[in-house]
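Scroll down for the structure; my scribbles are underneath it.
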Amino acid sequence: MAEQSPDYKRLFLEEQRRREAAEQAQKEEQRRREEEQRRREAVEQAQDRAEEKTRKTTLPEFLDACHNYLHSGLTVQTDATLSTRGDPANATNKLRPENLVLWEDFLAQQAAIWDVLMASDFASERHFTLLHTLEESGEAILRKMMSSELDLHLFQRSTVDDPVTSIIERLYDQRTLRRTFGLKGSVQFENHANTLSPETELEEGIGSMTVSGAPRRRSPRLQARTQDNSQDRPESTAAPRARTARSSRPRADQFCVYNTSIQHRETCIAAYITEYKPPHKLPLGCIYEGLEDMVLDEVVRCRETDTPRDRFRRLIAAVITQAFSYMVKLGVEYGCVCTGEAFVFLRVPDDPRTVHYFLSVPKGDVGGATG
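Position 45 of the sequence shown, counting from 1, maps to 67 under this note's numbering, and the rest follow consecutively.
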């Protein structure tokens, strides 16, 4: 009897089904492994996020969190009935600069400082506040609308003063950086006025801003330059205008920042001054419109044809005059006008008649994240 030939078609189909089943099983195994890998990665990421919030931060992480969690939480009270009142432009009997010009190399100077920091091990070391703590602090800031000078002081303490103090004290622990930046150990933010005139007494406006009667400068360099320059200015030889006796103490919105020793708080060097103006009194739009290079003698003259932009420029001139006068009084080269929303950094480098300025608006400069 002849031997029956194999059913090749059946065998082929069976083999094909086995291969397909094996391939399917392989795919299922691959899918299972990928799902397991994704699950492990998700768990690891969750653990990393939890650890990030409960571990010290590096300098870049700390600055990023301060911007995102703290400063970005600023909201300004727009209801005038719920905000403090008063004239932010009072520059009565203040030493007034002649010129306001852009601080052109400000960004280059800041970049040079940042390059020094990032080139050191300090930038990757974990010294600073936990992300979780900063996030909780930011939630408290979000619940408070800024409507007064006190609100601005408290906001700046949380978002600038305390973080800056922490950074300076950690930098001081690094011998090389300590020497590079001339640090004494810490910084101290002080207002020296215990008896202050209420804001409602600031009614004289900017019309009586004076260039005479300059107070004694603590810096011999600045004092000598002021005296030399005053000899070339006719108005400085005129009899000083009659003025109301006023305390030489700074107002409640003027603070001096000191480079000070942790061990010896009485050993301190004035580093710069800050002039606080709440944003409802010095709005961001006013700063954008009014801050530019100017000759102050021209700006302070009121005319019937004045436009809103002219008034904005006059307000900016008065506010910067307040800060400049305080800088001269303490003999410091650097100053800042702060509204919470904006920082106008000031410098009087060589010619004491000229103030250099640079505007920084964190939300505009950085945006929603520091990147």
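We put the beta carbon where it would ideally sit given N, CA and C, even for glycine.
Only a predicted model underlies this, so the values are computations on that prediction, with no experimental measurement involved.
Per DSSP, the bridge partner or partners of residue i
i: residue 208; result: 282
i: residue 382; result: 365
i: residue 327; result: None, per the DSSP bridge assignment.
i: residue 150; result: 79
i: residue 277; result: 296
i: residue 343; result: Residue 343 pairs with nothing; no bridge assigned.
Residue i, DSSP secondary structure in three states
i: residue 316; result: strand
i: residue 307; result: helix
i: residue 270; result: The pLDDT assigned to residue 270 is 44, lower than 50, so where the model puts this residue is not dependable, and the model offers no usable value.
i: residue 321; result: helix
i: residue 140; result: helix
i: residue 28; result: coil
i: residue 168; result: strand
i: residue 377; result: strand
i: residue 243; result: Its pLDDT being 46, under 50, residue 243 is placed unreliably in this model, and the value from its coordinates should be taken loosely. Looking at residue 243 - three-state DSSP - the assignment turns out to be helix.
i: residue 86; result: helix
i: residue 41; result: helix
Beta carbon of residue i nearer than 8 Å to that of residue j
i: residue 76; j: residue 154; result: yes
i: residue 345; j: residue 311; result: no
i: residue 368; j: residue 360; result: no
i: residue 124; j: residue 315; result: yes
i: residue 212; j: residue 144; result: no
i: residue 201; j: residue 194; result: no
i: residue 173; j: residue 300; result: yes
Enclosing alpha helix (DSSP H) for residue i [first to last residue]
i: residue 194; result: 184 to 194
i: residue 164; result: 153 to 164
i: residue 173; result: 171 to 178
i: residue 100; result: Here residue 100 belongs to no alpha helix (DSSP H), and DSSP marks it neither H nor E.
i: residue 202; result: 197 to 203
Supposed close pair residue i, residue j - CB separation, criterion 8 Å
i: residue 82; j: residue 375; result: No, residue 82 and residue 375 are not in contact; Cβ-Cβ is about 39 Å, not under 8 Å.
i: residue 96; j: residue 168; result: 6 Å
i: residue 122; j: residue 348; result: 16 Å between Cβ atoms; not a contact.
i: residue 210; j: residue 282; result: 5 Å
i: residue 352; j: residue 292; result: 5 Å
i: residue 89; j: residue 384; result: 6 Å
Bounding residues of the beta strand (DSSP E) (the contiguous stretch that carries residue i)
i: residue 293; result: 290 to 298
i: residue 357; result: 356 to 360
i: residue 122; result: 121 to 124
Contact test: residue i Cβ vs the ligand SAM heavy atom, cutoff 7 Å
i: residue 212; result: With respect to small molecules bound, the structure shown includes none, and the ligand SAM cannot be examined in it.
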